[in-house]
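Student: Residue numbers (the UniProt record's numbering), protein chains in the order written: chain A, 1 to 240; chain B, 1 to 240.
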DNA sequence: GACGCGATGGCAACGGTGTTGGCGTAAGGC
DNA sequence: GCCTTACGCCAACACCGTTGCCATCGCGTC
């Protein structure tokens, strides 16, 4: 899975493309992310990626098994960027919070990529490294192995899940996004209190939350629960 | 957004297709879900859907604006099925838990559909109805409007987000799913303790959690936190 | 220094996708 | 009985991921 088509040893000999680019796996990934980041770019495709590199679509298959393989590589690159430069402070709760927010932000910076990639467990190097860090934080904080794994699982999947969900709406074509927004205004703001009293009573708050992610909120609630569990087991205090 | 192409009033006159089917919006949605549920079906496409109905691909556009519109209709149908037959018990915590699990399960029953649809805020009738119910549960339980909306937001988005994430891995083609599974076994089970001590120490628990969703766990943690907040505000007890 | 061979880039094609315009026809309304 | 209109169908378009095939370049070997 995700094995390179060509061994690294042979990668010495390179031929520049017709327009002078020297291709590499990393260059494909970087260019793909650049394409996906373009505001009104129509998304990633093998053909557009090849065009951006001034080469032929078929050339991609010299470096990746296919689109799926490229997708996994993009996901791992996002994870690398998410934790790049991060340093642990030793306070488990704020460390976890910071890590979660970083992953979330990294994916949101490339919404289209997130949608493509985040559902895959790639097992690539940077993802494994992140998993080791998170488990380390929890076990060092005093959680037992069973609890640590359970919280790790909930934490990681929650971060990825919100990243996918939030990225998915960002990744919508602008027309669809505007339509959704208008729908919210007209539907939820003007619902009669007779039929939908609770929505009508809270519509002001609902609209305020409309375009903001619920992830920080959900993350804090997860950490609340974890901290309470830790306090239950030990009589001691957790972090901060 | 999602407005029908043809007014309902005109829908009286129907002509059967060449193979005798009488088409309708509902029939398209049901057939699409049936296609998506097929174990080794290659997913949904306009052409396959048309073929399953014994009609022409272009006929779909008489009933929906396009694939995106059909997608929203499918999502709303999933929501309808999720809450069909549900009854409130009056205990807010177990009511919310039951609702969350139902939505999650409903989406997982049609993974491909979930991937397509759950990222869209459709604002269709069954989704609005579910929102009203959830807000009602929270406000009746004693949460203030601000807190109710915040918890509603986290609860709904978390349920959808996990549904998408979990469905996405279920929706993978069988080859990719088996590859991911093998990758877990070889990567996480046999990682040397020297380089990855925390993964190595907990690998038994990690593997055990591998194919199970973290959603129930995360849901309980969210409800934990909400209950603690409620207990903070009132001196009273919440539910159960 | 010439050769051979394998790695690489480019061309053309295949089967698939969502979508559109136009044509015939059958069903109501008047 | 006519006319309008909704509907099913055909053909075509542009795009997608993928795959043989061929030309060419670069390095190791003799």
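Virtual Cβ for every residue (Gly too), placed ideally from N, Cα, C.
Between residue 73/A and chain B, is any beta-carbon pair separated by less than 8 Å?
Tutor: Taking the first chain and counting its residues from 1, one reaches residue 73/A at position 73. Closer than 8 Å: no.
Student: Give me the Cα-Cα distance between residue 138/B and residue 92/B, rounded to the nearest whole angstrom.
Tutor: What you label residue 138/B is simply residue 138 of the second chain in a count that begins at 1. What you label residue 92/B is simply residue 92 of the second chain in a count that begins at 1. Going from the Cα of residue 138/B to the Cα of residue 92/B covers about 7 Å.
Student: What are the residues in the stretch 150 to 170 of chain A lying within 7 Å of chain B by C-beta distance?
Tutor: 150, 153, 154, 157, 158, 160, 161, 162, 164, 165, 168 and 169
Student: Report the three-state DSSP secondary structure of residue 22/A (helix, strand or coil).
Tutor: Start at 1 with the first residue of the first chain, and residue 22/A comes out as number 22. Residue state, collapsed to three classes: coil.
Student: What residues in its chain sit with their C-beta under 6 Å from that of residue 1/A, if we drop five residues either side in the sequence?
Tutor: Working through the first chain from its first residue, we reach residue 1/A at position 1. Annotation note: pLDDT 39 at residue 1/A (below 50); position unreliable, coordinate value reported separately. Contacts found: none.
Student: In terms of residue numbering, what span does the alpha helix (DSSP H) encompassing residue 92/B cover?
Tutor: Looking up residue 92/B in the second chain gives position 92. 92 to 108 is the extent of the alpha helix (DSSP H) around residue 92/B.
Student: Should residue 30/A be flagged as near chain B, meaning a C-beta pair shorter than 8 Å?
Tutor: In the first chain, residue 30/A corresponds to position 30, counting from 1. Not closer than 8 Å to any Cβ of chain B, the Cβ of residue 30/A fails to qualify, so no.
Student: By the 10 Å Cβ neighbour count, where 16 or more other Cβ atoms means buried, how is residue 178/B classified, buried or exposed?
Tutor: Taking the second chain and counting its residues from 1, the one referred to as residue 178/B is at position 178. By the neighbour-count rule (16 or more Cβ atoms within 10 Å), residue 178/B is not buried but exposed.
Student: Starting from the N-terminal side, write out each stretch of the alpha helix (DSSP H) that is 4 residues or longer and does not extend beyond the UniProt domain "HTH tetR-type" (22 to 82) of chain B.
Tutor: 25 to 37 and 46 to 52
Student: Given a threshold of 16 other Cβ atoms within 10 Å of its Cβ, counted over all protein chains shown, does residue 202/B qualify as buried or as exposed?
Tutor: As a working note, residue 202/B is residue 202 in the second chain. Buried: at least 16 other Cβ atoms inside 10 Å.
Student: Leaving aside the five residues before and after residue 143/B along the sequence, list all residues of the same chain whose C-beta is less than 7 Å from its C-beta, in chain order.
Tutor: Indexing the second chain from 1 puts residue 143/B at position 143. The beta carbon of residue 143/B is closer than 7 Å to those of 151 and 230 in its chain, skipping five residues each way along the sequence.
Student: Roughly how far, in whole angstroms, is the beta-carbon of residue 82/A from the beta-carbon of residue 106/A, given that I think they are within contact range, below 8 Å?
Tutor: For this step, residue 82/A is matched to residue 82 along the first chain. For this step, residue 106/A is matched to residue 106 along the first chain. Yes, they are in contact, since the Cβ atoms of residue 82/A and residue 106/A sit about 4 Å apart, within 8 Å.
Student: Using the C-alpha atoms, what's the distance from residue 33/B back to residue 198/A?
Tutor: To locate residue 198/A, count along the first chain from 1; it is residue 198. To locate residue 33/B, count along the second chain from 1; it is residue 33. Approximately 32 Å between the Cα atoms of the pair.
Student: Measure the C-alpha to C-alpha separation of residue 101/B and residue 225/A and round it to an integer number of angstroms.
Tutor: In the second chain, the residue the question calls residue 101/B occupies position 101. In the first chain, the residue the question calls residue 225/A occupies position 225. If you take the alpha carbons of residue 101/B and residue 225/A, they lie about 19 Å apart.
Student: Whose C-beta lies closer than 6 Å to the C-beta of residue 64/B among residues of the same chain, with five residues either side of it excluded?
Tutor: Position 64 of the second chain, counting from 1, holds the residue named residue 64/B. Excluding residues within five positions, the ones whose Cβ falls inside 6 Å are 70.
Student: Which of the three DSSP states is assigned to residue 155/B in this structure?
Tutor: Position 155 of the second chain, counted from the start, is the residue given in the question as residue 155/B. It is helical.
Student: Please decide whether residue 132/B counts as near chain A, where near means a Cβ-Cβ distance under 8 Å.
Tutor: As a first step, residue 132/B must be located in the second chain, where it is residue number 132. So yes, residue 132/B belongs to the interface.
Student: Given this structure, state the Cα-to-Cα distance separating residue 134/A from residue 96/A, to the nearest angstrom.
Tutor: For the purposes of this step, residue 134/A is taken as the residue at position 134 of the first chain. For the purposes of this step, residue 96/A is taken as the residue at position 96 of the first chain. Distance between the alpha carbons of residue 134/A and residue 96/A is about 7 Å.
Student: In the DSSP assignment, the alpha helix (DSSP H) including residue 227/A goes from what residue to what residue?
Tutor: The residue labelled residue 227/A in the question sits at position 227 within the first chain. Start and end: 215 to 233.
Student: Residues of chain B with CB under 9 Å from residue 128/A, in chain order?
Tutor: On the first chain, residue 128/A is found 128 positions in, with the first residue counted as 1. Chain B residues near residue 128/A: 187, 188, 191, 196 and 199.
Student: Compare the C-beta of residue 4/B with all C-beta atoms of chain A and state if any pair is closer than 8 Å.
Tutor: Translated into the one-based positions of the second chain, residue 4/B becomes position 4. For residue 4/B, the predicted model reports a pLDDT of 44, less than 50, meaning its position is unreliable; a value from the coordinates is still stated below. No, because no Cβ of chain A sits closer than 8 Å to the Cβ of residue 4/B.
Student: How long is the line joining the alpha carbons of residue 78/A and residue 36/A, rounded to whole angstroms?
Tutor: Your numbering for residue 78/A matches position 78 in the first chain. Your numbering for residue 36/A matches position 36 in the first chain. Between residue 78/A and residue 36/A, the C-alpha separation is close to 12 Å.
Student: To the nearest whole angstrom, what separates the beta carbons of residue 187/B and residue 149/A, a pair I think is in contact under 8 Å?
Tutor: Taking the first residue of the second chain as 1, we reach residue 187/B at position 187. Taking the first residue of the first chain as 1, we reach residue 149/A at position 149. Not a contact, Cβ separation roughly 16 Å.
Student: Can you tell me which of the three DSSP states residue 210/B falls into?
Tutor: The residue you call residue 210/B lines up with position 210 of the second chain. Looking at residue 210/B - three-state DSSP - the assignment turns out to be coil, as it is neither helix nor strand.
Student: If you compare alpha carbons, which of 189/A, 200/A and 98/A is closest to residue 159/A?
Tutor: As a first step, residue 159/A must be located in the first chain, where it is residue number 159. The residue among 189/A, 200/A and 98/A with its C-alpha nearest the C-alpha of residue 159/A is 98/A.
Student: At 7 Å on the CB atoms, spell out the chain A contacts of residue 205/B, in chain order.
Tutor: On the second chain, position 205 is the one that residue 205/B refers to. Within 7 Å Cβ-Cβ: 145, 146 and 149.
Student: Between which two residues does the alpha helix (DSSP H) carrying residue 139/B extend?
Tutor: Taking the first residue of the second chain as position 1, residue 139/B is located at position 139. Residue 139/B -> alpha helix (DSSP H) spans 125 to 141.
Student: Would you say residue 78/B touches the ligand ATP, meaning its beta carbon is less than 7 Å from a heavy atom?
Tutor: Among the ligands in the structure shown, none appear at all, so the ligand ATP cannot be discussed.
Student: Would residue 104/B and residue 162/B be called neighbours here (beta carbons separated by less than 8 Å)?
Tutor: In the second chain, counting from the first residue as 1, residue 104/B sits at position 104. In the second chain, counting from the first residue as 1, residue 162/B sits at position 162. Yes, the Cβ-Cβ distance between residue 104/B and residue 162/B is below 8 Å.
Student: Please determine, among 28/A, 43/A, 42/A and 73/A, the residue with the shortest C-alpha to C-alpha distance to residue 55/A.
Tutor: Residue 55/A sits at position 55 when you count from the first residue of the first chain. Residue 28/A is the option with its Cα nearest to residue 55/A.
Student: Between the stretch 31 to 64 of chain A and chain B, which residues of the former have a C-beta closer than 9 Å to a C-beta of the latter?
Tutor: none
Student: Report the three-state DSSP secondary structure of residue 192/B (helix, strand or coil).
Tutor: Translated into the one-based positions of the second chain, residue 192/B becomes position 192. In the three-state reduction of the DSSP assignment, residue 192/B falls in the coil class, being assigned neither a helical nor a strand state.
Student: Pick helix, strand or coil for residue 184/B, following the three-state DSSP scheme.
Tutor: Taking the second chain and counting its residues from 1, one reaches residue 184/B at position 184. Here DSSP, grouped into helix, strand and coil, assigns residue 184/B to helix.
Student: To the nearest angstrom, report how far apart residue 216/B and residue 221/A are at their CA atoms.
Tutor: Residue mapping note: residue 216/B aligns to position 216 of the second chain, counting from 1. Residue mapping note: residue 221/A aligns to position 221 of the first chain, counting from 1. Going from the Cα of residue 216/B to the Cα of residue 221/A covers about 14 Å.
Student: Would residue 13/A be called buried (16 or more neighbouring beta carbons within 10 Å of its own) or exposed?
Tutor: In the first chain, counting from the first residue as 1, residue 13/A sits at position 13. With a pLDDT of 49 at residue 13/A, under the threshold of 50, the modelled position of this residue cannot be trusted, and the question is left open.
Student: From residue 146/B to residue 94/A, what does the alpha carbon distance come to, in whole angstroms?
Tutor: As a first step, residue 146/B is located in the second chain; it is residue number 146 there, counting from the start. As a first step, residue 94/A is located in the first chain; it is residue number 94 there, counting from the start. Roughly 25 Å separates the two Cα atoms.
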